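The next block holds one structure in the form of structure tokens; read it before the comments.
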Amino acid sequence: MKYLFYLLLLTAPQLNWGQTELKNNEGVTKSFIKYYNEDDYQAIFDDFNKEMQAALPLSKASNFLQNLKKQVGNIVDYNFIQYKNGYASYKTNFAQMTLTLNVAVDEESKISGLYIQPFEDQDANADVLNKLDSEKLGIDEELSNLIFENIKSFPSQTQASIAIIQNGKPLYLNIQKLNDSIIQNQDYLGVYEIGSISKIFTSTLLAHEVNQNKLNLNDPIHKILDIDLKDNINISLKSLSNHSSGLPRLPINLELDKANPANPYKDYNEEKLIRYLKDSLSLHNAGTYQYSNLGAGLLGYILSKNEHDSYENILQRYIFEPLNMTHTTTNRGQIENELIIGLNADGDPTPPWDFNILAGAGAIYSNIEDLTKFALAHMDKDQEDLNLTRAETMMVDEGMSLGLGWHILKSPSNNNWYWHNGATGGYTSIFVMDVNTRNGVIILSNVSAFNSDMGKIDLLGFKLMEKIDLH
């Protein structure tokens, strides 16, 4: 998921709210939701006041709202929560997540401020106890409180292993929620399903093949697969890696409505993938950023075919073994005794996903120490394969571009942050680093992708990154 939790876009003035302001704000918010669901971004922009339009031009507003919709879908319903600091806050149920929509309007009923953040049920979390000891954790109290605030809403038995890397030096934490308390645990070496962070490793394999002159980024995939794609469509390897191929998020013949929601990829095999490429392949807006699990999974399959070996074996040979990542694999049997139990949206145990032929999109398991080794290798800047993955291949907007696999974000201090996250039925994760400052944050958790607060894992990662950037 792209970094959707944009901070305040325009500071609204302090207002004394009464019935008139309430009615005006509700009307403007209702119109905003209508236009958002209809993809009418021009109408939303027209409802901005002049200062808001200057701060957020139509192109930027459209990109933000389009990316938001790709991640969380349409708005299903909403309820007013409170007024605070000039903003009306609404609990907003999107198709895929519950968020808080904050809207400020001026005296002419024009939108003067707009931001979106994770929804937090304050009443439900009021009795959660903070038993974190910042001194024992080795961090200051501000970071400790930040962790508590972003973990407290998750179910009992939630675990989060965190690596905070400052100037190339890692600090490892393991945080747990047990019943009504947030506690620390010394064992941070548990293994998690890392989901879409796997895409970074798939793209690293592509970089290796390119640097070894086995492939070219612009090679068309049909030559490697040696099959005829429907309508002779041309798709490059680079476009699979940077999500510009025009492929949909998932293939139409995956048939999610018939799949097991607790393991949706399990039955999607090589035969179905080839059939899709030959009979159902279609592209939409090729050349623009459109996140695709299908594209990354297809890339992993192609690289395996090119090497005449399994995805697991080439990962081990070219990445994991050279970096001594001994607890990282796609083979669940190798790490089963170390695997942290995933939790579903209700907090009940749920098994990991089986990605089958689309393994390149999300099948890797790892722990916080191994992923830190990978981050430090990037920071040393002496590895050609890793360096190639960070080279910009496409600009999305002023705030984000793409490398190979990596999303490259502009930080508050205008540095490049290399970022990806992951989310499956029982796990959520974030990996963000700045190779120039040698800072980074990695969080692995057993929070479900379907937990309404799952965005707090991403938010915590970015907030921690911002804090350590200031030190």
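The numbering of the sequence shown is the numbering used here, which starts it at 8 and goes up by one.
Here a beta-carbon is modelled for each residue, glycine too, at the ideal position from N, C-alpha and C.
Quick caveat, the model's predicted, so the values are computed rather than measured.
Under the three-state DSSP convention, the category residue i falls into
i	result
arginine 184	Position check: residue 184 holds lysine in this sequence, whereas arginine was assumed. Strand, per DSSP.
phenylalanine 155	helix
threonine 36	helix
serine 210	helix
asparagine 86	strand
threonine 337	coil
glutamine 219	coil
asparagine 428	strand
glycine 120	strand
valine 135	coil
serine 408	strand
glycine 302	helix
threonine 1	Because the chain spans 8 through 478 in this model, residue 1 falls outside it and cannot be assessed.
glutamine 191	strand
leucine 224	coil
leucine 11	Summary for leucine 11: the model assigns pLDDT 42, below 50, so the residue's position carries little reliability; its value from the coordinates is reported in the next sentence. Of the three classes helix, strand and coil, the one that applies to leucine 11 here is coil, per DSSP.
glutamate 391	helix
threonine 400	coil
serine 436	strand
serine 243	strand
tyrosine 272	coil
Distance CB(residue i)-CB(residue j) smaller than 7 Å
i	j	result
threonine 105	serine 459	yes
isoleucine 242	isoleucine 228	yes
isoleucine 204	glycine 462	no
aspartate 84	leucine 136	no
isoleucine 118	phenylalanine 208	no
leucine 222	glycine 302	no
glycine 369	glycine 202	yes
leucine 305	leucine 236	no
aspartate 392	asparagine 218	yes
histidine 215	tyrosine 97	no
isoleucine 450	isoleucine 464	yes
Residue burial classification, residue i (beta-carbon count within 10 angstroms, cutoff 16)
i	result
glutamine 193	exposed
glutamate 200	buried
glycine 349	buried
asparagine 320	exposed
lysine 245	buried
lysine 143	exposed
phenylalanine 87	exposed
tyrosine 308	buried
isoleucine 259	exposed
lysine 345	For the sequence presented, residue 345 should be read as glutamate rather than lysine. That one is exposed.
glycine 145	exposed
Extent of the continuous alpha helix (DSSP H) to which residue i belongs
i	result
isoleucine 375	375-387
histidine 414	That residue, histidine 414, is in no alpha helix (DSSP H); its beta strand (DSSP E) goes 414-417.
alanine 170	First-last for alanine 170: 166-173, but that is the beta strand (DSSP E), not the alpha helix (DSSP H).
leucine 257	It is not in any alpha helix (DSSP H) - leucine 257 carries neither H nor E in the DSSP assignment.
methionine 59	57-62
glutamate 262	Run containing glutamate 262: none; DSSP gives neither H nor E here.
serine 66	65-79
glutamine 49	48-53
Extent of the continuous beta strand (DSSP E) run through residue i
i	result
asparagine 100	94-101
threonine 105	105-112
serine 141	That residue, serine 141, is in no beta strand (DSSP E); its alpha helix (DSSP H) goes 141-144.
For a minimum of 3 consecutive residues, which ranges assigned as the beta strand (DSSP E) are wholly contained in the stretch 439-477? 446-452
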